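Trainee: Convert by adding 312 to the 1-based position in the sequence shown; the result is the number in this note's numbering. Just so you know, even glycine gets a beta-carbon here, dropped at the ideal spot from N, CA and C. Nothing here was measured: the structure is a model prediction, and the numbers come from that model.
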Amino acid sequence: SYAALARRLGTDQPFYAFQARGVEGDEAPHATVEAMAADYLAHLRATQPRGPYRLGGWSMGGVVAFEMARRLEAAGEAVELLALVDSRAPGGYRAPFDPDDPGLLAGFALHLGLAPERIPLSWAEAAALPPGERLRRAWEAARAAGVVPEDVELAGFERLWAVFRANVAAAAAYRPGPCDSDLLIVLAEERDTPAVWEVEGWGALTTGAVRSATVAGDHFTLVREPRVAGLATVLMEELVARAVLVSR
């Protein structure tokens, strides 16, 4: 999800991304945002034991980054920047969570990079099929479109699907406490909910400064070429501005 952004940001600063547990091997996905944050922080602090830290995340990754920031602050560390990239504010994820909702599978396909017109089933068609057959159709379409490698078998696709469902369920159940970090809220221009919902929702959870920016694209294309260029520009401007403030 972050490869294109990392390339656009260049090699002048370190860029670390975390792979969700369960994508490979036999480990079960994390069940809660808190568990994800704790696991990722253990890896982060093994690489960089002390702050200040710059954290960010796209979509549900922003929710996890927020919880990571809270935990770092509680440990006495400084979080210099927390960038939330088109991340729904708490309460924006539907609950109770229905793992067999046909719309969830469509969201999974879009998350992988499948263009809307390549999704093989309408909502009504998907609802009429057993969940296993829906997933098989999505796997075939994803391989045909090249958004997953051809050597990814159905079992591997099922693992990705299990991780996606677990992440959405965790986000729906998450109830964050407050933090003190400065927030950069980056929102997709093409959206189905008012941008103010996310700005006010996240802003109410921090005592720090809040800045928002809008970039071209929708929730999925803003992190992919060519639209990711706009996101990279916003992030670089923020990083440069903070470097200038620190050097003064």
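Please classify R571 as buried or exposed, where buried requires at least 16 other C-beta atoms within 10 Å of its C-beta.
Mentor: Within the shown structure, residues of the chain are numbered from 313 to 560, placing residue 571 beyond reach of any answer.
Trainee: Name the residue from Q360, S399, A438 and A332 whose alpha carbon lies nearest to the alpha carbon of L416.
Mentor: Residue A438 is the option with its Cα nearest to L416.
Trainee: Would a C-beta distance cut-off of 8 Å place L394 and S493 closer than the cut-off?
Mentor: For L394 and S493, yes; Cβs fall inside 8 Å.
Trainee: For the 8 Å Cβ check, are there 3 or more pairs between the region 519-537 and the region 495-504?
Mentor: Touching, per the Cβ criterion.
Trainee: Expressed to the nearest angstrom, what Euclidean distance is found between the alpha-carbon atoms of A453 and V498?
Mentor: Cα to Cα, A453 sits roughly 30 Å from V498.
Trainee: Taking all protein chains shown into account, decide if R560 is buried (16 or more other Cβ within 10 angstroms of its Cβ) or exposed.
Mentor: Bear in mind that the predicted position of R560 carries a pLDDT of just 38, short of 50, making it too unreliable to give a figure here.
Trainee: Among V464, L441 and E429, which has the Cα closest to the Cα of P414?
Mentor: Ranking the options by Cα distance to P414, first place goes to L441.
Trainee: Starting from R366 and walking both ways along the alpha helix (DSSP H), at which residues does that stretch end?
Mentor: No alpha helix (DSSP H) holds R366; the beta strand (DSSP E) holding it covers Y365 to W370.
Trainee: With DSSP as the reference, please indicate the residues paired to R523 in a beta bridge.
Mentor: In the DSSP output, where bridge partners are listed per residue, R523 has L496.
Trainee: With a 10 Å radius around its C-beta and 16 neighbouring C-beta atoms as the bar for buried, classify E549 as buried or exposed.
Mentor: With fewer than 16 other Cβ atoms within 10 Å, it is exposed.
Trainee: Could you tell me the distance, in whole angstroms, from the CA atom of A541 to the CA atom of L547?
Mentor: Computed Cα separation, rounded: 10 Å.
Trainee: Relative to the C-alpha of L495, which residue among G425, P432, R382 and L396 is closest?
Mentor: Cα-wise, what sits closest to L495 is L396.
Trainee: So V391 and P364 are supposed to be a Cβ contact under 8 Å. How far apart are they, rounded?
Mentor: Rounded, the Cβ-Cβ distance is 7 Å, consistent with contact.
Trainee: DSSP on A395, reduced to helix/strand/coil?
Mentor: In this structure, A395 counts as strand in the three-state DSSP scheme.
Trainee: V558 by DSSP, collapsed to three states: which one?
Mentor: Caution applies to V558, whose pLDDT of 46 falls short of 50 and renders its modelled position unreliable; the value that the coordinates give is listed next. DSSP places V558 in helix when its eight states are reduced to three.
Trainee: Have a look at R319 and V475 and give me their C-alpha separation to the nearest angstrom.
Mentor: Between R319 and V475, the C-alpha separation is close to 25 Å.
Trainee: With a CB to CB cut of under 7 Å and the five nearest residues on each side skipped, what residues in its chain are close to S313?
Mentor: Excluding residues within five positions, the ones whose Cβ falls inside 7 Å are W370 and V535.
Trainee: Taking only runs of the alpha helix (DSSP H) that begin and end inside the region 457-488, which ones reach a length of at least 4 residues, in chain order?
Mentor: Fully enclosed alpha helix (DSSP H) runs of 4 or longer: 466-485.
Trainee: For C491 and V376, I'd like the C-alpha separation in whole angstroms.
Mentor: Near 13 Å, if we compare the C-alpha coordinates of V376 and C491.
Trainee: Please name the residue in G373, R471 and L317 whose C-alpha comes closest to that of M348.
Mentor: Measuring from the Cα of M348, the nearest candidate turns out to be G373.
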